[in-house]
Structure formats: structure tokens, C-alpha cells
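>
In full-length UniProt numbering, the protein residues as written are 1 to 50.
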């Protein structure tokens, strides 16, 4: 990810400048119109059981 540096994500997205970002950073940017803070980075991807 261009923003947080993660290399695994369920979905890769692109920001407004065309940089590849992870799903979490992309959704955060879409909702808040600012880049996602590094302090919100998680080390493990949690799976949901549905």
C-alpha cells in the first residue's frame, strides 16, 4: 500500500493520483476525504464467519 505499506489486503484500490492503496486506506479516504493515519494500521487481517 502506498499509504500504510501493507502488502496483503482483500482488495487493492487506487487513490485520486493513481497510487495503489489497500482496501482499508481506500475506504477511509472515500469516507473522510483524508488519508488514513498510520496509527490505525492493524498487523493482522481478521476473517469474518458468516
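We treat Cβ as the ideally placed atom computed from N, Cα and C, and that holds for glycine.
Here the structure is a predicted model, which is why all the values come from computation and not from measurement.
1. Going by DSSP, which residues form a beta bridge with residue 21?
2. Do you know how far the Cα of residue 23 is from the Cα of residue 11?
3. To the nearest angstrom, report how far apart residue 2 and residue 32 are at their CA atoms.
4. Helix, strand or coil for residue 45 per DSSP?
5. Using DSSP with H/G/I as helix, E/B as strand and the rest coil, what is residue 26?
This is what the structure holds:
1. 13
2. 5 angstroms
3. 18 angstroms
4. coil
5. helix
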